[in-house]
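Participant:
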Amino acid sequence: MTDNTNIPARVSPAADGRSDGNGDYRAIAMVIDTSFPVGQQVRTTQSVLDPLTPVQLAELRAAVHAAQAAGTPRFLCAVCRRPVHLAQRPAGPDVTRNGLAAFFRHFAAAGAPPCPCRTVPGVHNVGAVKFDGLQEGLDHHTLKHALADCLRHDPRFSDVQVEKRITGTDGNRRVPDVSALFEGKRIAYDLQLATLPIATIRERDTFYTANGVHHVWLTDAADLSRLSRQGFCDLHLNMSGRIFAIDDTSIGLSIRDGQFQLQELTILPRLVKDRPIHNVWETALVGTEVILIAPHLRKAEGERRYRRELATLVSASLGAERQAICRAAAMDQGLAPVGLQWTRLARFIRGPGVDAAIASDVGKVLAFLAQVEVFVTHQSGSRPSIERELQRRLGTLLASRHGLHWVPLVLMVFSTLPAIKAAVDPATMARLNTLLISTEKVRPLLRMHAGMIAALYPWLGRRLLMKAPKFGPKMRLPASRA
Ligand SMILES: [Zn+2]
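As structure tokens, this is what we get:
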């Protein structure tokens with residue numbers, strides 16, 4: 361394929377609609393999204409990546425790797441039709457942790473056909489930092505043995521081993537840092553002391569799951585400053601913001617009590633007057649009842665916790681305002697009748713004012729979300745009319761002046777509540793697909809209004825707002841490593 365006239369040249373930073381000086385890291389400006397209907401698969405990189413929140417970016421990275429491992433690549437380069445994966449610009453003061461800093465990159469492949477969009481392997485390749493001898497020095501060694509020591513003091517664990525090889529049913533082998541038996545089940549622990557590539561994270565999780573081994577990722581108190589790096593975000597954002605850590609306190613208590621304990625770090629929302637809703641790390645000592653819980657249950661529990669925490673915080677400070685706005689949305693009355701309540705809520709969390717919200721069609725967004733709630737809570741009764749109203753409101757939103765810019769929100773609702781996607785009629789779905797393959801630049805309306813939407817509909821809060829807090833949690837470093 362040599363005709364690339366509609367593919368912006370790699371040296372033109374404005375080609376993907378960006379003019380903020382982020383340079384030419386997005387060599388691939390158009391991709392084929394194989395999850396879309398045939399004939400409607402070519403999308404701009406800008407529309408796929410720019411609207412992604414940190415949680416959605418972590419989810420998409422995991423999905424892309426899962427699809428690649430399954431032999432059905434999710435995204436292909438639109439020029440050479442070879443599979444591409446998601447990379448992230450290296451951390452820096454001007455680099456965001458959401459989709460704005462993400463880009464598509466060809467998988468490295470010997471003998472791959474030349475493509476004008478192919479960049480030199482290795483450049484920008486953050487997340488592919490490998491352990492090397494130096495990084496895996498004294499700390500890692502000390503910590504592995506401290507972890508094993510904790511497990512040996514707990515009589516419920518047996519056969520505690522450091523770096524014991526585990527052979528899978530397919531003959532493949534892994535060497536976890538520490539492993540042990542608990543109630544007849546093998547538990548493998550891996551200490552992450554550097555940012556691992558997502559392929560490695562995924563591949564280890566898959567291996568251990570396939571072989572009936574419970575796998576625990578944990579980090580070290582000395583490493584907490586790196587929790588906002590992509591490799592760590594891939595771990596904790598895909599686990600509802602939860603990650604285990606080992607520190608002096610957990611080591612001391614495990615040995616003193618004869619009960620294995622770790623610190624669990626959890627991202628939770630915070631609401632403080634005159635500040636946007638933000639995130640903090642909560643630290644809690646946890647035992648085997650949390651450490652050995654099945655991953656999908658741990659994730660679901662984390663989701664519930666974030667949602668409840670956000671709902672509780674909003675109710676405590678702005679309950680009346682939230683109720684009034686949501687009631688108006690349920691009746692599809694728009695924002696005008698609740699301008700006063702909107703203003704109070706917006707001032708509290710520094711959200712956009714009511715005029716800006718009305719100008720961005722936020723009223724139509726809220727009408728749709730309110731009907732989503734009705735649809736989800738009414739499992740019986742007047743289902744057909746509820747479903748028709750859902751379709752009508754979604755249709756109105758997509759047909760609005762800013763419909764294109766609200767498509768990312770619709771996709772977020774679909775991934776949060778798959779039943780909603782299933783309820784959408786073919787005509788509305790066709791309209792959505794048309795918008796998805798538009799080459800027009802998608803404006804960040806979702807990002808602008810994320811705090812307000814999350815405050816009103818906390819079930820979207822995690823995907824809209826969760827990200828690694830700027831500052832790591834405070835934990836005690838063993839004196840030898842301080
Ligand atoms: Zn290509």
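Letter 342 of the sequence shown, counting from 1, is numbered 702 in the working numbering, and no numbers are missing.
Backbone N, C-alpha and C fix where the C-beta goes; we use that ideal spot for every residue, glycine too.
Suppose only complete runs of 3+ residues qualify. What are the beta strand (DSSP E) ranges in the region 518 to 565, listed by chain order?
Facilitator: Taking only runs of at least 3 residues, the beta strand (DSSP E) segments lying wholly in the region 518 to 565 are 538 to 542 and 545 to 552.
Participant: Check whether the region 798 to 815 and the region 563 to 580 are in contact - that is, three or more C-beta pairs closer than 8 Å.
Facilitator: Result no; under three Cβ-Cβ pairs closer than 8 Å.
Participant: Using 8 Å as the cut-off, can you tell me whether the region 634 to 652 makes contact with the region 613 to 623, which would need three or more C-beta pairs spanning the two stretches below that distance?
Facilitator: Judged by Cβ distances under 8 Å, the region 634 to 652 makes contact with the region 613 to 623, as three or more pairs qualify.
Participant: Locate the beta strand (DSSP E) running through F463, then write down its first and last residues.
Facilitator: Start and end: A462 to H466.
Participant: Note the first and the last residue of the continuous alpha helix (DSSP H) segment covering L628.
Facilitator: No alpha helix (DSSP H) contains L628, which is instead part of the beta strand (DSSP E) from L622 to R630.
Participant: Among all the DSSP beta bridges, which residues are the ones paired with F435?
Facilitator: Answer is D393, bridged to F435.
Participant: Can you say whether A605 is buried or exposed, counting buried as having 16 or more other CB atoms within 10 angstroms of its CB?
Facilitator: Flag for A605 reads buried.
Participant: Going by the DSSP bridge assignment, what does P580 pair with across the sheet?
Facilitator: In the sequence as presented, Pro is not what sits at residue 580; that position holds Asp. D580 pairs with I606.
Participant: Hey, would you say L587 sits closer than 8 Å to A828, going by beta carbons?
Facilitator: Yes, they are a contact pair.
Participant: What residues come near ligand 1, if near means a beta carbon less than 7 Å from any of its heavy atoms?
Facilitator: Having a Cβ closer than 7 Å to some heavy atom of ligand 1 are I388, C437, V439, C440, R442, H466, C475, C477 and R478.
Participant: Can you tell me the Cβ-Cβ gap for M826 and G601, rounded? I've got them flagged as a contact below 8 Å.
Facilitator: Confirmed, about 5 Å.
Participant: Measuring CB to CB, does V424 end up less than 8 Å from C475?
Facilitator: Against a cut-off of 8 Å, the Cβ pair of C475 and V424 comes out as no contact.
Participant: Identify the continuous beta strand (DSSP E) that holds A644 and give its terminal residues.
Facilitator: Note, A644: beta strand (DSSP E), H638 to V646.
Participant: Between the alpha carbons of Q866 and P536, how many angstroms are there, rounded?
Facilitator: It is not possible to answer for residue 866, since the shown part of the chain is limited to 361 through 842.
Participant: Any chance the region 689 to 707 sits against the region 790 to 805, with 3 or more Cβ pairs inside 8 Å?
Facilitator: Contact fails: fewer than three Cβ-Cβ distances are below 8 Å.
Participant: Which residues does DSSP list as the beta-bridge partners of Q416?
Facilitator: Partner(s): none; Q416 has no beta bridge.
Participant: DSSP has H809 in a bridge; who is on the other side?
Facilitator: Paired residue(s): none; H809 is not in a bridge.
Participant: If I measure Cβ to Cβ from R803 and keep anything under 7 Å in the same chain, skipping five residues before and after, which residues do I get?
Facilitator: Same-chain partners within the cutoff: H765.
Participant: How about the region 712 to 719 and the region 747 to 760: do they share at least three Cβ pairs that are nearer than 8 Å?
Facilitator: Judged by Cβ distances under 8 Å, the region 712 to 719 makes no contact with the region 747 to 760, as fewer than three pairs qualify.
Participant: Please work out which residues of its chain come closer than 7 Å, Cβ to Cβ, to A730, disregarding the five sequence neighbours upstream and downstream, and give them in chain order.
Facilitator: Contacts found: C686, A689 and A690.
Participant: Which word fits G497, buried or exposed, when buried means at least 16 other C-beta atoms lie within 10 angstroms of its C-beta?
Facilitator: Legend: pLDDT at G497 = 47, less than 50; position of this residue unreliable, value from coordinates given subsequently. Classification for G497: exposed.
Participant: Give a yes or no on contact between the region 412 to 422 and the region 457 to 464, applying the rule of three or more CB pairs nearer than 8 Å.
Facilitator: A contact exists between the region 412 to 422 and the region 457 to 464.
Participant: If you draw a straight line from the C-alpha of A554 to the C-alpha of V640, how long is it?
Facilitator: Whole-angstrom Cα-Cα distance: 22 Å.
Participant: Reducing DSSP to helix, strand and coil, say where V573 ends up.
Facilitator: Of the three classes helix, strand and coil, the one that applies to V573 here is coil, per DSSP.
Participant: So, for R512: in the same chain, excluding its five sequence neighbours on each side, which residues have a beta-carbon less than 7 Å away from its beta-carbon?
Facilitator: The residues are V520.
Participant: Here's the rule I'm using: 16 or more other beta-carbon atoms within 10 Å means buried, otherwise exposed. How should D550 be labelled?
Facilitator: The residue is buried, with at least 16 neighbouring Cβ atoms inside 10 Å.
Participant: Within 10 angstroms of the Cβ of D617, are there 16 or more other Cβ atoms? Answer buried if so, exposed if not.
Facilitator: Under this definition D617 is an exposed residue.
Participant: Of the choices E642, P697, T672 and A389, whose alpha-carbon is the least far from that of F464?
Facilitator: Per the Cα distances, A389.
Participant: What did DSSP end up calling V802 once you bin it into helix, strand or coil?
Facilitator: Three-state result, V802: coil.
Participant: Near N485, what residues of its chain come up, given a Cβ to Cβ distance below 7 Å and the 5 sequence neighbours on each side ignored?
Facilitator: The pLDDT assigned to N485 is 41, lower than 50, so where the model puts this residue is not dependable, and the model offers no usable value.
Participant: Taking the C-alpha atoms as reference points, what is the distance between R752 and Q400?
Facilitator: Computed Cα separation, rounded: 23 Å.
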